[in-house]
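Take a look at the structure below.
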Amino acid sequence: MREIRLRRHPEVYEPAEDTFLLADNLDVREKDAVLEVGVGSGYVSLIAAEKAETVVGIDINPHAVRLAKSNAKLNGIRNVDFIVGDLFSPLSGRFDLVVMNPPYLPEEKVHTGYLERSWNGGGDGRAVTDRFIDEVDHYLKRGGRVEIVQSSISGCDETIRRLCESGFKTRIVAECRLFFERIVLIKAMKPDGCSCS
C-alpha cells in the first residue's frame, strides 16, 4: 500500500481508527468501479484507486469534497472523482464495490456543522446507516460487494440483521477494540438466497 499524503481541514473528519480499519481491509479488485459514500479527506478512496479502474467519492460536506480533490492532486491520483451529494444522490450507474464509514455515534442533539455531522448518527446512531442499507442495492452491479464500518454502540448485530433481510450474505471481516466500543468492518454480498454469519 502506497503512502498517502493528506491535507487537513477543520470541518472535515480526519482519518482515525475506523478509517484505517476500512482502508486496510478494502476488497478492491482489478477493473472495479468503486463508490465511497462519505469521503471525508478522501483517504479511503485514494487507497482504493491503487487497484480500481475508477473511484467515485460522494459527501454531503462541500469542504470534504474540495479537500479530497486536493488530496488526490497532491498524490497524483487521477482515476477518482469527488462530488457533493447526500448518500447516493445525485448518482446514477452501478458499482462493483460500495464502501462507507457512516456517522454512528448516538446523539440526540441536531448539529448543523459539517464536522459534527460526520460522526453524529442521530438518537440511536443509525440514522445514516439504515438509509444506506435501504438504498445501496440500487447502486450495486450483479455480484457487487458492500463494506460498511459499524460500532458496537450503534448496533453491529442490527446492521447485519438488516442487510440479511435485504438479501445480503454478511460477515465481519475485521475489527478493532477501543476503550468504549468495538468497531467492526462488515462485508456484504448478494448471492442467491441469504445466509448470515
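All residue numbers for the sequence shown refer to the working numbering, where the first residue is 475 and numbers rise by one. Idealized CB from N, CA, C, for every residue including glycine.
In DSSP terms, what residue 648 is bridged to: As DSSP reads the structure, residue 648 sits in a beta bridge with 659.
Residues sharing a beta bridge with residue 682, DSSP: Only positions 475 to 671 of the chain appear in the structure, and residue 682 is not among them; the question remains open.
Where residue 494 sits in the DSSP three-state scheme: For residue 494, the secondary structure class from DSSP, reduced to helix, strand or coil, is helix.
Backbone secondary structure at residue 516 - three-state DSSP: In this structure, residue 516 counts as coil in the three-state DSSP scheme.
C-beta atoms of residue 520 and residue 657 nearer than 8 angstroms: Between residue 520 and residue 657, the CB-CB gap reaches or exceeds 8 angstroms.
Neighbourhood of residue 549 by C-beta distance below 7 angstroms, restricted to the same chain and skipping five residues each side: Same-chain partners within the cutoff: 478, 479 and 520.
Alpha carbon of residue 618 to alpha carbon of residue 559, nearest angstrom: For the pair residue 618 and residue 559, the Cα-to-Cα distance works out to about 22 angstroms.
Cβ contact (3+ pairs, closer than 8 angstroms) linking the segment 510–519 and the segment 529–543: Taking a cut-off of 8 angstroms on C-beta distances, the segment 510–519 touches the segment 529–543, as three or more cross pairs fall below it.
Beta-bridge partners of residue 594, as assigned by DSSP: According to DSSP, residue 594 shares a beta bridge with 579.
Residue 629 burial status per 10 Å Cβ neighbour count (16 or more: buried): With 16 or more other Cβ atoms from the protein chains shown falling within 10 Å of its own Cβ, residue 629 counts as buried.
Buried or exposed by the 16-neighbour rule on C-beta atoms within 10 Å, applied to residue 554: The residue is buried, with at least 16 neighbouring Cβ atoms inside 10 Å.
First and last residue of the uninterrupted alpha helix (DSSP H) at residue 540: Taken as a continuous stretch (DSSP letters only), the alpha helix (DSSP H) holding residue 540 covers 536–548.
Residue 557 (DSSP reduced to helix, strand or coil): In the structure shown, residue 557 sits in a strand (DSSP, three-state: E or B).
Length of the line joining the Cα atoms of residue 497 and residue 612: Roughly 24 angstroms separates the two Cα atoms.
Pair within 8 angstroms by beta-carbon distance, residue 644 and residue 627: No, the pair does not count as a contact, with Cβ atoms beyond the cut-off.
Short Cβ contact (8 angstroms threshold) for residue 575 with residue 493: With respect to residue 493, residue 575 sits close: the two C-beta atoms are nearer than 8 angstroms.
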